[in-house]
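Peer 1: Below you will find the structure I want to go over with you.
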Amino acid sequence: MKKYLQYIPFLAIFCLAVLLFVKVNGQGKDAGKSLTSGVFGSSPMVGRDMPDEVINTIFPAKGKIDNLTYRGKYTVVNLFASWCAACAYEHKFIKGLKGNSIQLIGISWRDKAEDSFSWLIKNGNPYDVVGNDSLGKYGIYLGITGIPETFVVSPEGKIIMHFAGPVGDAEVAQIKELVAKH
Amino acid sequence: MILCSFSSVLYAFEEPLKNVYQEKRSKEIFKSLRCAVCAGQSIDDSDTQFARSIRSLVRTKVAQGSTDEQIYDLLKHSYGEAIMFRPPFNDATALLWILPFALIFLGFISVIFVLRKSKA
Amino acid sequence: MLNVGQYIFLTSQVLAALQMLRLFTREKFVKISQENLTAACSFMVLSAYIFLTWKFVVSDFSYALIYKQSNTLKPLLYKITGLWANHEGSMLLFIFILSLYNFAYAVLSRFPRKEEVLGFQGALIFFLISYTFFTSDPFSPTQLLNGQLPQQGLGMNPLLQDIGLAFHPPILYTGFAGFSLAFSIAMVVLRNKLTDKSFAEFSRPWVLFSWSSLSLGVALGSWWAYRELGWGGFWFWDPVENVSLLPWLFGTALIHLNYTTKKFNRFTFVTLLFSILTFLTALLGFFLVRSGILTSVHSFASDPTRGLVMLGIVFVISSYAMILYGKCLTELKFIPEGRMDFISREFGILLQIVLLAGMGITIMRGIIYPLVLDMFFDTKISVGEPYFNLTFIPISFMFIFLAVFAPILKWQKERLSTVVKKSFPSFVVSAVITIYLRIKFPDNISPIITISIFLCLWLFLSCVGLTITRMVKREKISKSFVSMMMAHGAFGLLGLAITLNIAFAEDTERLMKPGDKINFGGYDFTLRSSSIRKDSNFIAQTAKFEVAKENSIIALYPENRIYFPSFTKTHEADVHYGVMEDIYINIGESERSPDAKHKKVKAAMEDNQQGGYNSAEYAFPSRIYIKPFMFFIWFSVLVMAFGGFIAMLPKKK
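Residue numbers (the working numbering), protein chains in the order written: chain A, 31 to 212; chain B, 980 to 1099; chain C, 45 to 697.
Structure (structure tokens):
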């Protein structure tokens, strides 16, 4: 048996240990991650166009949301529902986005239209338009994994930002800054 | 109060497709998709809102006549490769697929080789 | 200042250190024999364990662990078993079980070098106690809130509040911990460059006991998941499950290798390697669960620092073992006795080792590959059931095929004609049955299922056939023959049961309101009503289903629960366990029945009566599963483990 062969078992252990070490260390850094990357890594939808799908609106009545809705101005799309506690928490921050030449669109996700509607009446409605996604499909096209999630769309209809989770002061500031620059 | 917590205000429980063949096909697709918010479950196993939405979408597309490939492409567009439960076979993952069999094959060959040698 | 629990624990640590010192000097450091030191250390650990259990039972919240993990409302069973439902407590449980092994070894072993083996065991337990004491102290005191102790604890994760918790971790750990003895014996052999084969005989009973325990432990985990997780699956290729499979695979290899070494000093290098690897993979599994790098239902909430320290310890132990092994690879020589033909049991075992190693490496790769891709190439892929199904199954087929011949092949040399003669009858019967099934159930039995049924059935029938033949011919039926037939036959039965379960399982999902009836899988399912009930630490909304077939009716009560004080929600399936099939119902959160009027409903927490709860208003998304042959799955693992236990018994003199 050649002399160097004796080190092979140890080397295998060593490589594995280094790999695990780096990964465990990385975990610690992961803890402070922002809302921009989801469970599957950062969303591939960032940089892509809004989906082609058309959905009906809850408010204003009898309207539609389609591709054209997103053209011409910056839009913030926020997915919520009346049964979602985290959405209730973030609602005041969403209200803070109103105005600032931003089109604010809410999408009621997997909720009964009337329940979302009553919820908005009770808690205040900051949205210019509210879409009805009761079966959840529009959200899937957007690549969400739950709610609340928020997207920022450019006037060309491209997704330029994505937050998976409730937005707070920091995210609102980020959005306003981005819109103000253009 | 507590009862209201039990009762969900969620809408639209998805019924299985009426066409048995289509429903079976949908189920196969569910099993090939990974649930993003669960620990290693497939879309078929999970009862989260996320999984239900995907099931709803897949059923609709199957009923409309989309192929499996089209449905997977659609979901990969929104979620990336990671939504597929089976790792793809491409340059990055080739080793992952080949190594199990290659190593066993090598193992057998070397066993026979070593034994032949010791007999000589 | 240390509290009582910490003092006890610290004492055990000191004793373990003394035990370990024997490795470095022949002098008795204190005038106590190694066996007595081991006994003292084990006694201290036992005391620490009993002490903590007592504190759990009385809900003494001055201990942080009890405050965070328990509360007075918890049923007694879970106060006791909840000790190990968390990181710190499970470390203590593992150490406790290891100390029991050390004690048993000190008392029972006749190995000439047992003092040195105990030295290594002492080192292992010393590392583990030190790790636990310094990073994960189960006895650490609670921080006072405003100078006061909390009056109530935070409670345990309700998903863990199940009978499975009482059995799965202890038995699983009994499996993991026991392999340390094979490891230590291997260390002693390598360190002293012993080239005789006798160590294998001393290692064997401990390996068998650990392997059987591990088989039971893994099966218990599956059974628990089957009942608790709500969708009737029993194996999920969850990273932690996979990692527990590694010591089982390597342990299986080790059992067989112990024989080849014990009899002929053959493949002894491989035996030593697997003695080491089986335990190292058990340790690795232990580490991975707590490190936070695996996404799993099993993961303990743990901070990265603990993970790093444990990684360090595992690295040190592994490196020492591997460097020692590597050196011996080049310096030692084991001379096998006798010859080995290609057609022989030894050769079959060697092929089996290749397959087992292949399976083990596949699992390891399935865990490591995504980590590597993510870290170096920033690509996220999911390695789950489909990957393992595609890679594992073909390899298992080869494995089962080999197992058919295991009892047929004789040691050293067997004639090909004899092999064919002995395996032919079961081959034919199996083929006939398989073809019949394929023709009768074409929808359920795909080509892969066909192959699987054929191989597993062949193995099972072969073992049964050989046993019957021997009984009929009035030949000697030794203990080792019985255990071999039981273990191999049960393994075939296990494979068969799993295959048929996968082939014939069915499920459906409907929204049902009270009075709705559906027919599925040959049964009529009716949702009769639902109700609210209050239990020790939760409130449940229970649905009553009647399942009818011909003249018999059974009732199943799946429910949705809300636990206090955490307000966690769970779904509890209800299962009817049959011999041929299980019926399994799970309900989702109830929906207001489409034709119910909205009424204000009084909360049922204060009054236990049904007043206010109108069952007609609630509809449930119901998922019904028919799961065939589950009983045979659990039963075959039981028989297989039993076979291992029987093999352990000493030969009648």
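Cβ coordinates follow ideal geometry from the N, Cα and C atoms, glycine included.
Relative to the alpha-carbon of Y662/C, which residue among S575/C, L327/C and L394/C has its alpha-carbon at the smallest distance?
Peer 2: As a working note, residue 662/C is residue 618 in the third sequence. The shortest Cα separation from Y662/C among S575/C, L327/C and L394/C belongs to S575/C.
Peer 1: Tell me, to the nearest whole angstrom, how far the beta carbon of A111/A is from that of I177/A; I am working on the premise that it is less than 8 angstroms.
Peer 2: As a first step, residue 111/A is located in the first sequence; it is residue number 81 there, counting from the start. As a first step, residue 177/A is located in the first sequence; it is residue number 147 there, counting from the start. A111/A to I177/A, Cβ: 6 angstroms. Contact.
Peer 1: In three-state DSSP terms, what is F110/A?
Peer 2: The residue given as residue 110/A occupies position 80 in the first sequence. Residue state, collapsed to three classes: strand.
Peer 1: I'd like the span of the beta strand (DSSP E) that includes H620/C, first residue to last.
Peer 2: Translated into the one-based positions of the third sequence, residue 620/C becomes position 576. Its beta strand (DSSP E) spans residues D618 to H620.
Peer 1: Closer than 8 angstroms is the cut-off here; do at least three beta carbon pairs connect the segment 204-216 of chain C with the segment 124-138 of chain C?
Peer 2: Yes, the segment 204-216 of chain C is in contact with the segment 124-138 of chain C.
Peer 1: Does the separation of the CB atoms of I229/C and S319/C fall below 9 angstroms?
Peer 2: The residue labelled residue 229/C in the question sits at position 185 within the third sequence. The residue labelled residue 319/C in the question sits at position 275 within the third sequence. Going by C-beta atoms, I229/C is nearer than 9 angstroms to S319/C.
Peer 1: Go ahead and label V778/C buried or exposed: buried means 16 or more other beta carbons lie within 10 angstroms of its beta carbon, across all protein chains shown.
Peer 2: In the structure as shown, chain C starts at 45 and stops at 697, and residue 778/C therefore has no counterpart that could be examined.
Peer 1: Excluding the 5 residues flanking A592/C on each side, which residues of the same chain have their C-beta closer than 6 angstroms to its C-beta?
Peer 2: The count along the third sequence starts at 1 and reaches residue 592/C at position 548. If we look at A592/C and ignore the five residues flanking it on each side, its Cβ neighbours are D568.
Peer 1: At a CB distance below 9 angstroms, what residues from the segment 1046-1064 of chain B approach chain A? Give them in sequence order.
Peer 2: Against chain A - using a Cβ distance shorter than 9 angstroms - the residues of the segment 1046-1064 of chain B are L1053, L1054, K1055, H1056, S1057, Y1058, G1059, E1060, A1061 and I1062.
Peer 1: Is the CB of Q653/C under 9 angstroms away from at least one CB in chain B?
Peer 2: Taking the third sequence and counting its residues from 1, the one referred to as residue 653/C is at position 609. For Q653/C, the predicted model reports a pLDDT of 44, less than 50, meaning its position is unreliable; a value from the coordinates is still stated below. Chain B, which has no Cβ nearer than 9 angstroms to the Cβ of Q653/C, makes this no.
Peer 1: A401/C versus chain B: which residues are under 9 angstroms apart at the beta carbon?
Peer 2: As a first step, residue 401/C is located in the third sequence; it is residue number 357 there, counting from the start. The CB of A401/C comes closer than 9 angstroms to the CB of L1082, I1083 and G1086 in chain B, given here in chain order.
Peer 1: Under the DSSP definition of a beta bridge, which residues are partnered with N86/A?
Peer 2: Within the first sequence, numbered from 1, the residue matching residue 86/A stands at position 56. The bridge partners DSSP lists for N86/A are K94/A.
Peer 1: Just the chain A side, please: which residues come within less than 8 angstroms of V416/C by C-beta, in chain order?
Peer 2: Reading the third sequence from its first residue, position 372 is the one you call residue 416/C. Those are L49, listed as they occur along chain A.
Peer 1: Would G195/A pass as an interface residue toward chain C - the criterion being a Cβ-Cβ separation below 9 angstroms?
Peer 2: Residue numbering aside, residue 195/A sits at position 165 when the first sequence is read from its first letter. Not an interface residue.
Peer 1: Using CA coordinates, which residue listed in I357/C, I521/C and T423/C is at the minimum distance from T1072/B?
Peer 2: As a position in the second sequence, residue 1072/B is number 93, starting the count at 1. The shortest Cα separation from T1072/B among I357/C, I521/C and T423/C belongs to T423/C.
Peer 1: With respect to the beta strand (DSSP E) encompassing K671/C, which residues constitute its N-terminal and C-terminal limits?
Peer 2: Start at 1 with the first residue of the third sequence, and residue 671/C comes out as number 627. Here the beta strand (DSSP E) through K671/C covers Y662 to P672.
Peer 1: At 3 residues or longer, what runs of the beta strand (DSSP E) sit wholly inside the segment 518-592 of chain C?
Peer 2: 550-556, 561-564 and 567-578
Peer 1: Taking the DSSP output, what are the residues bridged to H615/C?
Peer 2: Translated into the one-based positions of the third sequence, residue 615/C becomes position 571. Partner(s): N604/C.
Peer 1: When DSSP builds the beta bridges, which residues end up paired with R1013/B?
Peer 2: Start at 1 with the first residue of the second sequence, and residue 1013/B comes out as number 34. Per DSSP, S1021/B.
Peer 1: Tell me, please, whether the CB atom of V1041/B is closer than 9 angstroms to any CB atom in chain A?
Peer 2: Position 62 of the second sequence, counted from the start, is the residue given in the question as residue 1041/B. No - not a single Cβ of chain A is within 9 angstroms of the one on V1041/B.
Peer 1: Please return the same chain residues whose Cβ sits closer than 7 angstroms to the Cβ of D626/C, not counting the five positions on each side in sequence.
Peer 2: Here residue 626/C refers to the residue found at position 582 when the third sequence is read from its first residue. Within the same chain, D626/C has close Cβ partners V619, H620, K671 and M674.
Peer 1: Tell me which residues share the same chain as M718/C and place their Cβ nearer than 6 angstroms to its Cβ, disregarding the 5 neighbours each side in the sequence.
Peer 2: There is no way to answer for residue 718/C, as the model of chain C reaches only from 45 to 697.
Peer 1: Among residues of its own chain, excluding the 5 on either side of I52/C, which ones have a beta-carbon nearer than 7 angstroms to its beta-carbon?
Peer 2: Counted from its first residue, the third sequence places residue 52/C at position 8. Leaving aside the five residues that flank I52/C on each side, the residues in its chain whose CB is nearer than 7 angstroms to its CB run, in chain order, M88, S91, A92 and F95.
Peer 1: Hey, does G166/A have any beta-carbon neighbour from chain B nearer than 9 angstroms?
Peer 2: Locating residue 166/A in the first sequence gives position 136, counting from the first residue. By this cut-off, G166/A is an interface position.
Peer 1: Using DSSP's beta-bridge definition, name the partner residues of A599/C.
Peer 2: Taking the third sequence and counting its residues from 1, the one referred to as residue 599/C is at position 555. BP columns for A599/C point to E590/C.
Peer 1: So who's on the other strand from F147/C, going by DSSP bridges?
Peer 2: Mapped onto the third sequence, residue 147/C falls at position 103. Paired residues: none, contrary to the question.
Peer 1: Ignore the nearest five residues each way along the sequence and tell me which others in W678/C's own chain have a CB closer than 7 angstroms to its CB.
Peer 2: Taking the first residue of the third sequence as position 1, residue 678/C is located at position 634. These residues qualify, in order along the chain: A263 and W267.
Peer 1: To the nearest angstrom, how far is it from the Cα of G329/C to the Cα of L321/C?
Peer 2: Translated into the one-based positions of the third sequence, residue 329/C becomes position 285. Translated into the one-based positions of the third sequence, residue 321/C becomes position 277. Taking the straight line from one Cα to the other gives about 12 angstroms.
Peer 1: Following the continuous alpha helix (DSSP H) through T179/C, name the residue where it begins and the one where it ends.
Peer 2: Start at 1 with the first residue of the third sequence, and residue 179/C comes out as number 135. First-last of the alpha helix (DSSP H) with T179/C: K158 to T179.
Peer 1: One question on the structure: do F223/C and P291/C come within less than 9 angstroms of each other, judged by their Cβ atoms?
Peer 2: Looking up residue 223/C in the third sequence gives position 179. Looking up residue 291/C in the third sequence gives position 247. Yes.
Peer 1: Using only CA atoms, which one of I169/C, F155/C, Y122/C and Y669/C lies nearest to I141/C?
Peer 2: What you label residue 141/C is simply residue 97 of the third sequence in a count that begins at 1. Out of I169/C, F155/C, Y122/C and Y669/C, the CA that lies nearest to the CA of I141/C is found in I169/C.
Peer 1: Sorted by chain position, which residues of the same chain lie with C-beta nearer than 6 angstroms to R572/C's C-beta, five sequence neighbours on each side aside?
Peer 2: Counting from one through the third sequence, the residue named residue 572/C turns up at place 528. Within the same chain, R572/C has close Cβ partners K588 and E590.
Peer 1: Using beta carbons (cut-off 9 angstroms, strictly below), is S131/A in contact with chain B?
Peer 2: Within the first sequence, numbered from 1, the residue matching residue 131/A stands at position 101. Output row for S131/A: interface = no.
Peer 1: So if I threshold CB-CB distances at 7 angstroms, which residues from the segment 354-387 of chain C count as touching chain A?
Peer 2: L355, F359, S362, S363, M366, I367, Y369, G370, K371, L373 and T374
Peer 1: Put G428/C into one of helix, strand or coil per three-state DSSP.
Peer 2: Within the third sequence, residue 428/C is the residue found at index 384, counting from 1. The answer is coil: DSSP assigns G428/C none of H, G, I, E or B.
Peer 1: Looking at the secondary structure, which residues open and close the beta strand (DSSP E) in which Y107/C lies?
Peer 2: The residue you call residue 107/C lines up with position 63 of the third sequence. Where Y107/C is concerned, there is no enclosing beta strand (DSSP E), given that its DSSP letter is neither H nor E.
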